[in-house]
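Working notes for the structure below.
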Amino acid sequence: MQGKVGDPAAAKTVIIVDGPCSLQANFKKTNDPWTTVYSEDFAGQVGAEWSSGRTDLTPIGVRRYLGQFGNETATLSLLDLPTHSGLRISLDVFVIRSWDGNGQPDPSGGIGGPDIWSAALRSEPPLLQTTFDNEYLPPLCDNHRQSYPDEYPHGNHVAQTGAAEINTLGYLYARAGSVGNAPADSVYRLQFTVAHSARSLLLDCSASGLETLSNESWGLDNVQIEAAAEAPPAPVPLIAHHPSPANGAAEVVPSLLRWEAGRTAAYHDVYFSASATITARAHIGRQTETVRAVPIALAAGRTYYWRVDEVEGDGTTTHVGEIWSFSTGASVQ
Ligand SMILES: [Ca+2]
Ligand SMILES: [Ca+2]
Ligand SMILES: [Ca+2]
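In structure tokens form, the structure reads like this:
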């Protein structure tokens, strides 16, 4: 058998000659704009680009990762990035032991949160600020909710929603009541795409509100930074966006409400109210379309409020929208 493989970086042709058979396959040059400029799995010694060289091994799987951390910041400093206009930042967050999410009171009256985790490029708005919760067993799970995959203080999801792995790391925690020791860990595989052109970056990952390290901690693994020469398209947000009429529009008398769907939305819960406080009574329906008729006859000189909550295919995971408003003019004719 003979074979020839071209330059892997270029459009390539592979010719395989095997006896009487000759096959030729053409592979298109990839359109992937991303180039990996940094990756770290913490298997070896941690480089000086990290503010902490602390590593640990997971009890199950013996995975080496950066941590454990408590209420502190781990910073990645990268200098001399190649010329670029966008970054894609990928990392795994290990959420270890008894995180309490948004911190609702438990049946004994205790409040263990909010337990907040965040990632941010220094001097920029957070890439993510959220809460995680590992209390998935009764009785605490009845009260516990976490922000993720939304931003804190939004989002009211059951423990470990959106986790890529659940109870795979081998950490145990003594549960309330008679449950005894039970697994309590989760792994979140996060990815952020941002416009960025500076030649250096400072990535801060941090937590706040946690109890002691043996009780609630976190770590990082599989950190990858990719750069793109061209500005990447902005990711579609999870919440409904681009309302029509535009938020705050004045002197409009719309007959239809329109919006653009969140990234994971299967259904839209639509609320409409003459009051700025949108209650459950303002719910006018669940639907799959991204347009809805204004449900009442509009009066002159009034402000109306509406909100669209995006619901995922499971029918329960909800991304609560922003409250939008519009005002009619002196006449609605
Ligand atoms: Ca690792
Ligand atoms: Ca706790
Ligand atoms: Ca806590």
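Residue 915 is where the sequence shown starts when you use the numbering used here, and the numbers rise one by one after that.
The C-beta atom is built at its ideal place from N, Cα and C for all residues, glycine as well.
Between ligand 2 and Gly1123, a heavy atom-to-CB distance of less than 6 Å is absent.
Ile1010: member of the beta strand (DSSP E) spanning Gly1000 to Arg1011, first to last residue. Here Glu1236 is exposed, its C-beta having fewer than 16 other C-beta atoms within 10 Å. Every unbroken stretch of the beta strand (DSSP E) spanning 3 or more residues and falling wholly within the region 1066–1104 is given here in chain order: 1086–1088 and 1095–1097. DSSP links Val1246 through a beta bridge to no other residue. At least one heavy atom of ligand 3 sits closer than 6 Å to the Cβ of Glu1130. For Gly967, the CB contacts under 8 Å within the same chain, skipping 5 residues up- and downstream, are Gln959 and Val960 in chain order. Going by C-alpha positions, Gly1069 is about 9 Å away from Thr1231. Screening all residues for a C-beta within a distance smaller than 6 Å of any heavy atom in ligand 1 leaves Asp955, Phe956, Ala957, Arg977, Arg978, Tyr979 and Asp1135, in chain order. Straight-line measurement puts the Cα of Arg977 at about 9 Å from the Cα of Asp955. Contact between Thr1044 and Tyr1062 holds, since their C-beta atoms are separated by about 4 Å, short of 8 Å. Closest option to Leu1104, judged by alpha-carbon separation, among Asp1064, Ser1128, Glu1130 and Leu1086: Asp1064. Sequence-distant Cβ neighbours of Ile1030 in its own chain, meaning closer than 8 Å and more than five residues away, are Gln1043, Thr1044, Thr1045, Tyr1066, Ala1121, Ser1122 and Gly1123. Taking every protein chain shown into account, the CB of Val1150 has fewer than 16 other CB atoms within 10 angstroms, so this residue is exposed. DSSP lists no beta-bridge partner residue for Glu1226.
If you look at Asp970, you'll find it in the beta strand (DSSP E) that goes Thr969 to Leu971. In the pairwise beta carbon analysis, the region 1203–1219 is classified as touching the region 1179–1188: at least three pairs are separated by under 8 Å. By the Cβ neighbour-count rule, Ser1131 is buried, with 16 or more other Cβ atoms within 10 Å of its own. If you draw a straight line from the Cα of Ala1244 to the Cα of Gln1201, it is about 32 Å long. Under the three-state reduction of DSSP, Ala1196 is assigned to helix. In this structure, the C-beta of Gly1026 approaches ligand 2 to less than 6 Å from one of its heavy atoms. Annotation for Arg1172: the continuous beta strand (DSSP E) segment containing it runs Leu1170 to Glu1174.
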